[in-house]
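2 protein chains.
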Amino acid sequence: MIAAGASGTTRPVTGCDVLVVGFGCAGATAAVEAAEAGASVVVLERASAPGGSSALSGGELYLGGGTSVQQACGFEDSAEAMHAFLSAALGPHADEEKLELYCRGSVAHFDWLVDHGVVFQPSLHDRLTWMPDTDDGLMWLGENAWPFTTLAAPAPRGHRGPVPFYAGRALMDSLVAAASAAGVVTHTDTRATELVVEDGRVVGVLARRFGQDVEYRAERGVVLTTGGFVDDDRMLADHAPALLGRGKVSDGLDDGSGITMALAVGAATRRMAAHETSLTYLPALAARGMLVDARGQRFVNEDAYPGIVSHAAVAHRPAPYWVVVDETGFEELPERERWGVRPAYAAEDLDELGAELGMPEGALAATVAAYNRDAERGEDTWFHKDPRWLRPLVAPYAAIDVAAGFHPGAREGVAEGGGVVGFTLGGLHTTPDGEVLTWAGTPVPGLYAAGRSTSGIHGDGYISGTSLGDATFFGRLAGRSAAAGPS
Amino acid sequence: MIAAGASGTTRPVTGCDVLVVGFGCAGATAAVEAAEAGASVVVLERASAPGGSSALSGGELYLGGGTSVQQACGFEDSAEAMHAFLSAALGPHADEEKLELYCRGSVAHFDWLVDHGVVFQPSLHDRLTWMPDTDDGLMWLGENAWPFTTLAAPAPRGHRGPVPFYAGRALMDSLVAAASAAGVVTHTDTRATELVVEDGRVVGVLARRFGQDVEYRAERGVVLTTGGFVDDDRMLADHAPALLGRGKVSDGLDDGSGITMALAVGAATRRMAAHETSLTYLPALAARGMLVDARGQRFVNEDAYPGIVSHAAVAHRPAPYWVVVDETGFEELPERERWGVRPAYAAEDLDELGAELGMPEGALAATVAAYNRDAERGEDTWFHKDPRWLRPLVAPYAAIDVAAGFHPGAREGVAEGGGVVGFTLGGLHTTPDGEVLTWAGTPVPGLYAAGRSTSGIHGDGYISGTSLGDATFFGRLAGRSAAAGPS
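Taken in order, these protein sequences are the chains called R and E.
Just add 1 to the spot in the first sequence (first one is 1) and you have our numbering.
Just add 1 to the spot in the second sequence (first one is 1) and you have our numbering.
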């Protein structure tokens, strides 16, 4: 920190009420709320255009409790059912205080997004996949899979923009337009380097802009929405080593810069080891057969949300992971949904196939025998996969090496990191209102944060849509808090 | 922090060269080294006597590379073999810089301990157990189990005092005597509350002593050896939620006080989610049969070090966990080694037993069938348990609920937390020399730390003896650094 405005400085100073650092979806919603509360708002973005990692994401927002899109698709839902699902799926140890706010406010948040130009088609994508290849606005995110079906009435809550595959760009285009309409000023190519503290209060930042040192002064507050730290290997080694060597889901700028700046002024972090994991397997293919670990053991219902399945594998089971299917299962999946995936091994005999895959003798055959027994009577007694996916597997069998990744139809390079990609979920410790806390648990005056630079609603689990979801929801609250200014 | 020595203060001030906060094994070794380097040393201890959690521990020190005890027991060893083992057992992501120092310096550290009165009998305890019931000074800590046997020549490296079961008290008695002999002054019943910083340098602490505010001034440095944070549920929720609701391995004062004090002056933490886990199962019984999870699946070679087995269960497999044995296996274990454990279920038929345990139909029978096939040919193709433990299991079979815990012969209450107890391994980010680092990676002048208030040699794994081992090893280095004073 520096004593800003020191005599003799010649760097340009830009003043505003609320300064937002980082123009992903958390920054966008914070900026809009602050501007609509009457504050003059400047948003800084390191890249040459707004968007951040949000714009490169799948674009799902986890919303429910009875949104108009859910209703149009014929689903009843409640905040309580949404809470029961998320508490389990994001847990153990989901942040109950933030989660309850998030679920109670979800319909209103949906309406706010729609009012600000975000578009969701009122149609359901009813297939198992990472991302729909359609413009459907609603998708299942594992609500209809065991064990969640035993906890709450299932309703699909994945809301997304009207584009196939990655819908994050559409979301960000809408939010950037909303910010612009609200009078928010954007400075791109501007990298905040340090928070400025005066009399114990954060009053602005120092930054680099087109090779020049510049300063921003915020009368009311600074909101950090700079993203996580998956792009900084030193921070990963210190706090989330499980992501070392894995692929990075980010725009390349998630280097924890906001977290680091806040730590330097006494801010606290929370749950820095938490992270999301995606494994490059095809959910619709695995559900038609099985997913097994290096020893040929099944370990999860393959129709669960792919993030849950990925975490069950990567965090808990020995690699490599194999999708084992038969001819019927493979051919049932339309070619365009195969994303270039092809079986690496095939055999008439399971002992032969298991041996080729380096599994213990008899392991794969025993797993398939137990599966087929269950499939014949229509009940997966091991992992409770929905009966609609159960069918005894018959020779010839094929095995797909999940680490080989996807090819056409998906982003390239996704098979890096052994077919495992991820991002960080830990970060600054904030109140639900977005105040950044010190290690002593008191707010850092003038400093707010939201999105993946903070620890959000997540415990040890993750479901798609909860990152953009909590970033936009708590981004709005942080923007409003900052606009309210010093009390 | 406060501006100490402010005019008008009436609190008593005690001066010294090096102030050590916390009198467990890290504090003891830091104090001895500092005193032997010529510094006047005061050690503060919150409890009414020295010892801390170290004195309540098993007392194992992980030492090797060819100690005189290893030699007397007929084992050759090298720093390289020790490093290869620990790098794997404490990994992935063990701290390679600290680990290399630790292994290279291990024989010298052993000699230093012996020179300072620590006693190790030159005899090997060659049984699978959490803690020997003898005075043997050397024990295996999983070096002779797969996969470690494939990485380095196995040698036992668990060094311990000449008492049955918990040997931590004997270790601490020796170290406390050594500190006293070196002229170290001890203030018990004294709780440090705040670090005192002047001109950017830590120069002492404020403390409470018998209900009075007191101050300590350290000319050369303050060494924090205050232990981990397993006793603070708020810190666990923020940083290591996996330990919430588990039993706590501590003296009840491991509330992260040193970490918290250091954070307040800008210190950084590292790997706060890392933790040790112990499951209350009998290693020697599990090795004679099998350990299975809630679904009746084996998941580890049961002859591995119990800490490895516990982590494999608790972190990665669904509870409850069962030890399944037959009559021969159970009766082979002498009564005094059974620690009061009794089978909860018994049956002639495995399907019946599996059903009683709530496992999927056929699961347990399939696991035992695969195990027996392997046992007959003397090779555990699944998990590579040593052939000496392999014997086909025969009816009647018994199952022991691991969560029921131990009874006579062990500490009471150990079955709390579902039979899972643990402690934290994350903490302050230090250099190998014990300097506490800021978030920016620069030392906090005047501040040093060691033991479980720091992140030590551990990555995601844990082996007994590496906590007292790294605490005494790096405690000595921190004491020496502090005695060297400002550069």
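Note that the Cβ used here is the ideal one computed from N, Cα and C, for glycine as well.
Got a sec: is the Cβ-Cβ distance from residue i to anything in chain R below 8 Å?
i               : result
W147 of chain E : no
M273 of chain E : yes
R296 of chain E : yes
I3 of chain E   : Note that I3 of chain E has pLDDT 38, beneath the 50 cutoff, so the model's placement of it is unreliable and no number is given.
D387 of chain E : no
P361 of chain E : yes
W390 of chain E : no
W383 of chain E : yes
A411 of chain E : Note that A411 of chain E scores 46 on pLDDT, short of 50, meaning its location in the model is unreliable; the coordinates nonetheless yield the value given after this. Answer no: the Cβ-Cβ gap between A411 of chain E and chain R never drops below 8 Å.
H430 of chain E : yes
L245 of chain E : yes
D239 of chain E : yes
D232 of chain E : no
Say whether chain E places a C-beta atom closer than 8 Å to the C-beta of residue i.
i               : result
V415 of chain R : In this predicted model, V415 of chain R has a pLDDT of only 45, less than 50, meaning its place in the structure is not dependable; the value taken from the coordinates is given anyway. No, its Cβ sits nowhere closer than 8 Å to a Cβ of chain E.
P321 of chain R : no
E353 of chain R : no
S367 of chain R : For the record, residue 367 of chain R in the displayed sequence is Ala; it is not Ser. It does; some Cβ of chain E falls within 8 Å.
A371 of chain R : yes
P242 of chain R : yes
G6 of chain R   : The pLDDT assigned to G6 of chain R is 49, lower than 50, so where the model puts this residue is not dependable; a value taken from the coordinates is nonetheless given after this. No - not a single Cβ of chain E is within 8 Å of the one on G6 of chain R.
H312 of chain R : no
H94 of chain R  : yes
Tell me the residue span of the alpha helix (DSSP H) that contains residue i.
i               : result
C104 of chain E : 97-105
R481 of chain R : 467-485
T368 of chain R : 364-378
R202 of chain R : Run containing R202 of chain R: none in the alpha helix (DSSP H); it sits in the beta strand (DSSP E), 202-210.
E81 of chain R  : 80-90
T11 of chain E  : Segment: none, T11 of chain E is in no alpha helix (DSSP H) and carries neither H nor E.
D352 of chain R : 351-357
V33 of chain R  : 26-37
Taking residue i as part of the beta strand (DSSP E), name the residues at either end of that continuous run.
i               : result
P446 of chain R : 444-450
Y398 of chain E : 398-402
V14 of chain R  : 14-22
M291 of chain R : 291-293
R235 of chain E : Not the beta strand (DSSP E): R235 of chain E falls in the alpha helix (DSSP H), residues 234-240.
G436 of chain E : The identity of residue 436 of chain E in the sequence shown is Glu, whereas the question assumes Gly. Where E436 of chain E is concerned, the enclosing beta strand (DSSP E) stretches over 436-438.
V42 of chain R  : 42-45
G1 of chain R   : This structure gives no information on residue 1 of chain R, because the portion of chain R shown stretches from 2 to 488.
V276 of chain R : Reading off the sequence, residue 276 of chain R comes out as His, not Val. H276 of chain R -> beta strand (DSSP E) spans 276-280.
G259 of chain R : Segment 258-264 is the alpha helix (DSSP H) holding G259 of chain R; no beta strand (DSSP E) there.
D327 of chain E : 323-327
V342 of chain R : Looking at the DSSP string, V342 of chain R is not in any beta strand (DSSP E), and its letter there is neither H nor E.
A219 of chain R : 213-225
V197 of chain R : 191-199
Would residue i and residue j qualify as a contact pair, given that the criterion is a beta-carbon distance under 8 Å?
i               : j               : result
A400 of chain R : Y463 of chain R : no
V421 of chain R : L280 of chain R : yes
A56 of chain R  : V42 of chain R  : no
G60 of chain R  : S107 of chain R : no
G210 of chain R : H240 of chain R : Note that residue 210 of chain R corresponds to Arg in the displayed sequence, not to Gly. The answer is no: Cβ separation not under 8 Å.
T467 of chain R : Y167 of chain R : no
S454 of chain R : G259 of chain R : yes
H276 of chain R : G423 of chain R : yes
N302 of chain E : A146 of chain E : yes
V369 of chain R : W323 of chain R : no
Legend entry - the region 375-386 of chain R contacting the region 358-370 of chain E, beta-carbon criterion three pairs below 8 Å: Counting Cβ pairs under 8 Å, three or more are found: they touch.
Inset, instruction - Mind the definition here: the region 74-81 of chain R touches the region 475-486 of chain R only if three or more C-beta pairs lie below 8 Å; say whether that holds. - result: The region 74-81 of chain R, when compared against the region 475-486 of chain R, does not touch it at the 8 Å Cβ threshold.
Inset, instruction - For the region 253-265 of chain R, enumerate the residues whose C-beta is nearer than 8 Å to any C-beta of chain E, in chain order. - result: Contact residues of the region 253-265 of chain R toward chain E are T261, L264, A265 (C-beta to C-beta distance below 8 Å).
Inset, instruction - Scan the region 441-468 of chain E for residues whose Cβ lies nearer than 9 Å to a Cβ of chain R and list them as they occur along the chain. - result: For the region 441-468 of chain E, which is checked against every Cβ of chain R, the residues closer than 9 Å are A441, G442, S456, G460, D461.
Inset, instruction - State whether the region 417-437 of chain E contacts the region 242-256 of chain E, with contact taken as three or more CB pairs (one from each stretch) at a distance under 8 Å. - result: Output reads yes: the region 242-256 of chain E touches the region 417-437 of chain E.
Inset, instruction - Report yes or no: do the region 151-159 of chain R and the region 210-228 of chain R share at least 3 C-beta pairs separated by less than 8 Å? - result: Inter-segment contact for the region 151-159 of chain R and the region 210-228 of chain R is absent: fewer than three beta-carbon pairs are separated by less than 8 Å.
Inset, instruction - Give the residues from the region 111-134 of chain E that approach chain R closer than 8 Å (Cβ to any Cβ), ordered along the chain. - result: Hits within the stretch: zero.
Inset, instruction - Can you give me, in chain order, the residues of the region 194-208 of chain E that have a beta carbon less than 7 Å from any beta carbon in chain R? - result: So nothing in the stretch comes that close.
Legend entry - the region 306-317 of chain E touching the region 257-272 of chain E, judged by at least three CB pairs closer than 8 Å: At 8 Å Cβ cutoff, the stretches do not touch.
Inset, instruction - Say whether the region 127-145 of chain E touches the region 438-452 of chain E, bearing in mind that this needs 3 or more beta-carbon pairs closer than 8 Å, one atom from each stretch. - result: In short, these stretches do not touch, since the Cβ pair count stays below three.
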